[in-house]
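In this note's numbering, the protein residues as written are 30 to 264.
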Ligand SMILES: [Ca+2]
Ligand SMILES: [Ca+2]
């Protein structure tokens with residue numbers, strides 16, 4: 030996807046999760062892209078060094094992010110067989126990684142030069158608490174899978190839906206509901222009082238059905254035409 034300004038890396042050593050050697054905890058996120066051997070690089074480990082594995086972030090329940098880009102920096106070593114070759118980048122709401130996770134990006138046959146950053150972007154409309162990169166193959170080494178650094182980014186943009194509702198009586202509290210027009214799932218909601226113009230800022234991008242309800246009566250308002258598809262717009 031395109032984004033005019035990706036903002037800052039959202040990752041942190043304090044959020045780290047995954048299979049890694051205890052000497053290298055958090056080293057995928059520590060901003061150290063130089064030191065390959067003394068905890069500046071992530072080594073996949075599960076009881077012993079492994080040539081496949083995963084590392085990720087638990088951002089916390091109050092800090093979910095809508096990631097649409099990540100970057101991978103190869104280890105600062107002359108040996109290129111350590112590098113990841115095939116992987117998926119996944120988001121999850123539970124962190125159980127038992128099948129509920131969503132694959133957001135898939136890469137195969139990737140190769141790097143020494144200490145090289147590579148950027149990967151994709152479309153994602155959901156904010157997740159958990160993200161990970163799950164590597165299924167390295168570039169041929171029989172012992173190690175090493176990644177020097179990973180970063181993740183949100184596109185700091187907002188979308189909005191706006192609509193006019195005619196008020197027949199005194200202003201009352203009302204709620205706007207946005208539904209995904211493809212699968213009918215509720216994607217956003219907001220409560221507002223007063224009459225006239227309603228404005229809902231949302232992270233949902235795309236087409237939607239919108240319903241506006243009077244909270245006291247449950248009455249819907251036909252000036253937002255029920256069954257009509259609307260589009261959210263970039264602010
Ligand atoms: Ca970082
Ligand atoms: Ca690092």
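Ideal placement from N, C-alpha and C gives every residue a C-beta, glycine not left out. Since we're looking at a predicted model, the values are computed, not measured.
(request) Please look up how many angstroms separate the CB atoms of residue 135 and residue 210, rounded, as I've assumed it's under 8 Å. (result) Residue 135 to residue 210, Cβ: 27 Å. No contact.
(request) Find out if the Cβ-Cβ distance for the pair residue 83, residue 47 is shorter than 8 Å. (result) yes
(message) Looking at the secondary structure, which residues open and close the beta strand (DSSP E) in which residue 136 lies?
(response) 131–136
(message) My output table needs one value for residue 100: the three-state DSSP class, helix, strand or coil.
(response) In this structure, residue 100 counts as strand in the three-state DSSP scheme.
(message) Please state whether the Cβ-Cβ distance between residue 189 and residue 97 is less than 8 Å.
(response) no
(message) Does the distance between the C-beta of residue 143 and the nearest non-hydrogen atom of ligand 2 fall short of 7 Å?
(response) Relative to ligand 2, the beta carbon of residue 143 is positioned no closer than 7 Å to any heavy atom.
(message) Under 8 Å, with one C-beta from each stretch per pair, do the segment 103–112 and the segment 137–149 reach the 3-pair mark?
(response) yes
(message) Check this for me: beta carbons of residue 139 and residue 70, under 8 Å apart or not?
(response) No; because the gap between Cβ atoms is not below 8 Å, this pair is not in contact.
(message) Let me check one thing: in DSSP terms, what residues is residue 87 bridge-paired to?
(response) 159
(message) Is any non-hydrogen atom of ligand 1 found closer than 7 Å to the C-beta of residue 38, if you look at the structure I gave you?
(response) yes
(message) Measuring straight from C-alpha to C-alpha, what distance separates residue 43 and residue 51?
(response) As the crow flies, the alpha-carbon of residue 43 is around 14 Å from that of residue 51.
(request) Compute the Euclidean distance between the alpha carbons of residue 214 and residue 208, then round it to the nearest angstrom. (result) Taking the Cα positions, residue 214 is about 5 Å away from residue 208.
(message) Is residue 47 close to ligand 2? I mean its beta-carbon at under 7 Å from any heavy atom of the ligand.
(response) no
(request) Would you check if the segment 114–126 and the segment 158–176 touch, i.e. whether three or more CB-CB distances between them fall below 8 Å? (result) yes
(request) Just mark residue 37 as buried or exposed, buried being the case when its beta carbon has 16 or more other beta carbons within 10 Å. (result) With fewer than 16 other Cβ atoms inside 10 Å of its own Cβ, residue 37 counts as exposed.
(message) Just checking residue 82 against ligand 4 - is the residue's beta carbon closer than 7 Å to any of the ligand's heavy atoms?
(response) With respect to small molecules bound, the structure shown includes ligand 1 and ligand 2 and not ligand 4.
(request) Quick one: using the 10 Å Cβ neighbour count with 16 as the cut-off for buried, is residue 216 buried or exposed? (result) It counts as buried.
(message) Taking 7 Å as the cut-off, is the C-beta of residue 180 nearer than that to any heavy atom in ligand 1?
(response) Relative to ligand 1, residue 180 has its C-beta within less than 7 Å of a heavy atom.
(message) Quick check: what's the CA-CA separation for residue 125 versus residue 77?
(response) 22 Å
(request) Would you identify the three-state DSSP class for residue 258, choosing helix, strand or coil? (result) strand
(message) The beta strand (DSSP E) that contains residue 119, what's its start and end?
(response) From DSSP, the beta strand (DSSP E) with residue 119 extends over 113–121.
(request) Just the C-alpha distance for residue 260 and residue 212, rounded to the nearest angstrom, thanks. (result) 15 Å
(message) Check for me: the beta strand (DSSP E) holding residue 45 runs from which residue to which?
(response) 45–47
(request) Measure the C-alpha to C-alpha separation of residue 239 and residue 150 and round it to an integer number of angstroms. (result) 29 Å
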